[in-house]
Each structure stands twice: as C-alpha cells, then as structure tokens.
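So the numbering used here is basically just the index in the sequence shown, starting at one, shifted up by 577.
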Amino acid sequence: MTKKILIINGPNLNMLGTRQPEIYGSATLEDIEERCEAVAESLGLEVVFHQSNSEGDIIDLIHEAKGKYDGLVINAAGYTHTSVAIFDALSILEIPVIEVHISNIYKREEFRHKSLISPAASGIICGFGVKGYELALKSFI
Ligand code: CA2
578 MTKKILIING PNLNMLGTRQ PEIYGSATLE DIEERCEAVA ESLGLEVVFH QSNSEGDIID
638 LIHEAKGKYD GLVINAAGYT HTSVAIFDAL SILEIPVIEV HISNIYKREE FRHKSLISPA
698 ASGIICGFGV KGYELALKSF I
C-alpha cells in the first residue's frame with residue numbers, strides 16, 4: 578500500500594526565496610513542494626504539503642494526521658524553539674515524525690540551539706538546505 582506522508586511547514590516559510598538566501602537558499606516554498614512531489618512519486622509515496630503561520634492550525638493538522646498518514650515531516654520554523662503545544666501534539670502521534678530544518682540551527686544564534694519538539698521526533702535533519710525534505714522522504718522507504 579502507498580504510504581501517505583504529511584509535510585507541515587511553520588511560520589514565515591512562505592517567505593522562502595524572497596530574503597536571506599545566504600541562510601535558506603533561493604528556492605521558494607512552491608519549489609520545495611514541487612520537488613517533494615517529484616521525489617515522492619519516484620519513491621512510491623504520496624505527499625500532502627501544508628504551510629501555516631498559525632500555531633493552532635499546525636496543531637490541528639498534526640491531530641488530523643492521526644490514523645490518516647503513515648509519516649510526518651515537520652519544519653516547525655520559529656515554533657521549534659518555543660512551542661510546548663506542538664511538542665504535545667506530536668507526542669500523541671504513533672507514526673514516525675521527522676523534524677527538518679533547512680539551516681544548521683546549531684551554527685546560528687543560541688536561541689535556535691534548543692528544539693522543544695525534538696524529543697517527539699524519530700529523526701532530525703538539519704543543515705542540508707532544502708534537500709533535507711528529500712532526505713526526510715527517503716527515510717520512509
Ligand atoms: O532552518 C530552518 O528551516 C528553520 O526552521 C527556519 C526558521 C527558523 O526560525 C528556525 O530557527 C530554523 C525560520 C523560517 C523563516 O524563513 C524565512 C525565509 C525567508 C525570509 C525570512 C524568513
């Protein structure tokens with residue numbers, strides 16, 4: 578059976594490709610979505626791609642994943658470092674969760690060194706640029 582993977586992107590990631598290319602590269606979120614769809618097809622996976630700037634929407638999406646998806650890829654962006662609520666929502670899931678960051682958060686400001694959601698993740702990919710999403714999808718094979 579085809580595995581269904583949900584990809585959730587957090588706040589400001591809709592601005593990718595417009596600013597800070599030295600940190601995040603030049604790809605837009607639409608480019609990342611297209612690449613994920615192409616990679617998923619080649620791997621025999623089905624992907625559903627979302628972005629939200631709202632913590633509540635992200636939590637609702639995580640709740641909806643229960644029973645509906647076989648895996649979750651999440652770049653919680655700024656909420657990575659602040660959100661106990663997203664950690665709690667991820668902790669309820671019984672499917673593999675891969676935390677992705679485009680940049681190497683450990684090479685940046687100290688406040689980015691702590692991820693509140695990592696303890697709920699099966700694996701973490703950071704610092705590989707937008708290729709991290711592709712690596713996350715490959716982990717489901
Ligand atoms: O490296 C990542 O993927 C991050 O999750 C990106 C977040 C940041 O808060 C995390 O510490 C690391 C920020 C996403 C905002 O992206 C922008 C893109 C273009 C212009 C401005 C922000």
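Backbone N, C-alpha and C define an ideal beta-carbon position, used for all residues, glycine too.
Quantities reported herein were computed from a predicted structural model and do not represent experimental measurements.
Going by beta-carbon coordinates alone, are residue i and residue j separated by less than 7 Å?
i, j, result
"GLY706", "GLY594", "no"
"GLY700", "ILE675", "yes"
"ALA617", "VAL624", "yes"
"LYS684", "LEU622", "no"
"ILE672", "GLY648", "yes"
"ALA653", "GLY587", "yes"
"PHE717", "ILE694", "no"
"VAL677", "ALA642", "no"
"SER668", "ALA697", "yes"
"ASN589", "GLN628", "no"
Is residue i close to the ligand CA2? I mean its beta-carbon at under 6 Å from any heavy atom of the ligand.
i, result
"ASN545", "Here the chain has residues from 578 to 718 only, and residue 545 is not among them."
"LEU593", "yes"
"GLY655", "yes"
"TYR601", "yes"
"ASN589", "yes"
"ILE682", "yes"
"ARG689", "yes"
"ASN652", "yes"
"ILE694", "no"
"LEU596", "As written in the sequence, residue 596 is Arg, which differs from the Leu given in the question. Yes, the beta carbon of ARG596 sits closer than 6 Å to at least one heavy atom of the ligand CA2."
"HIS640", "no"
From the DSSP output, which residues share a beta bridge with residue i?
i, result
"LYS643", "Bridge partners of LYS643: none, in fact."
"ASN652", "ASN586"
"HIS627", "ILE585"
"LEU580", "Just to set this straight, residue 580 is Lys in the shown sequence, not Leu. Answer is LEU622, bridged to LYS580."
>> Restricting to runs no shorter than 3 residues, where is the beta strand (DSSP E) found entirely within the segment 661 to 708?
In response: Within the segment 661 to 708, the complete beta strand (DSSP E) runs of at least 3 residues are 674 to 678, 700 to 703.
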